[in-house]
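In the UniProt record's numbering, the protein residues as written are 3 to 352.
Cβ coordinates follow ideal geometry from the N, Cα and C atoms, glycine included.
In this text the structure is predicted, and so the values were computed from the model without any measurement.
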Ligand code: ADP
Ligand code: NA
């Protein structure tokens, strides 16, 4: 079997929001207790949708600051910036040749982000999942904590790994670089592991506060739709008070949230912030109105987020410190990635 290794990444684009925190960063923190973890700021991904950025170095530092302020230990684990390790892009090129165009065309995130004018989207936006597979597999990582929106990309990473393993079966044997695993019931001699997505908890997909059918997103034009990690207590309070809801009281059972996306979203956010289940939240708030529940949610959100916000601000003022962390993480990541790329080159015949 492959040695367990956790990998995930966050793009340095725009403000981090509560969806990024609950769907990803909070899980990163929990996983570090009993795993070897690599957490990456994925700057190469950030130029797929928008090429020119006002302050990319500042955005990169702010993601690293969010990781550390949330509780990730950059000494025990690796925190680094993607472009510091050129092997991500190198393996992505190989994966561009492994993956099929049809696989990429089926990605719902590409369809969403490319919009109507697909012919005018960057080639990088189409190939994004191939780079994401390379980010993970250049470390032969086995577990990937992400929000629910990334599920399809992780299935694609498994398809890429599987096709590479099968296409190069003989060469993987000959170079002695493979590991025996079983996929389904089939024994496979694999160079790359089948990555396991870690998606779950009470809020795997945090929805917009203005529209319970859309995910909370950096790219939503309405700032009222999301809680940003850098929002102060007053702003958080305003956004939750203005959050769209229905007129009914909260149900006392989870089944009662069916067809009430806004209510379900707020209860899920509460449960995730309190590290509990929706059922537990409803056993406390069932039968109560949003006028009671919303102020409780504001208090909880502020108590969880304000220490993180304060620490992020402090870290972002100390540019040298953040840069040193990223540099050291980049060196450690590079050593591991170099080993994989050397073996991949042997397998292919470069
Ligand atoms: P965004 O999707 O906001 O552009 P990224 O692509 O950098 O941000 O995603 C960073 C992480 O945050 C990913 O693991 C992604 O699944 C997670 N994430 C993003 N939005 C949400 C959301 N609304 N709910 C849950 N997780 C989310
Ligand atoms: Na995303």
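7 Å Cβ shell around residue 189 - same chain, five flanking residues per side excluded
182
Say yes only if the C-beta of residue 26 is nearer than 7 Å to one or more non-hydrogen atoms of the ligand ADP, and no if none qualify.
yes
Do you know offhand how far residue 174's Cα is from residue 167's?
8 Å
Beta-bridge pairing of residue 182 - partner residues as DSSP gives them:
191
Three or more C-beta pairs under 8 Å: does that hold for the region 241–259 against the region 274–288?
yes
Near residue 307, which residues of its chain fall below 6 Å by C-beta distance, leaving aside the five closest residues on each side in sequence?
none
In the DSSP assignment, what residue or residues form a beta bridge with residue 41?
10, 81
Using beta-carbon positions only, say whether residue 335 and residue 40 come within less than 8 Å of one another.
yes
Beta-carbon contacts of residue 115 that lie in its chain and below 7 Å, excluding the five residues immediately before and after:
51, 127
If you measure from the CB of residue 218, is any heavy atom of the ligand ADP nearer than 7 Å?
yes
Along the alpha helix (DSSP H) that carries residue 199, what are the first and last residues, could you check?
Careful: residue 199 lies outside any alpha helix (DSSP H), inside the beta strand (DSSP E) at 198–200.
Element boundaries [beta strand (DSSP E), containing residue 145]
145–147
If contacts are defined as beta-carbon pairs under 8 Å, then residue 132 and residue 98 qualify, I think. What distance do you get, rounded to the angstrom?
5 Å
How is residue 90 classed by DSSP in three states: helix, strand or coil?
helix
Neighbour-count burial assignment, residue 6, 16 or more Cβ in a 10 Å radius:
exposed
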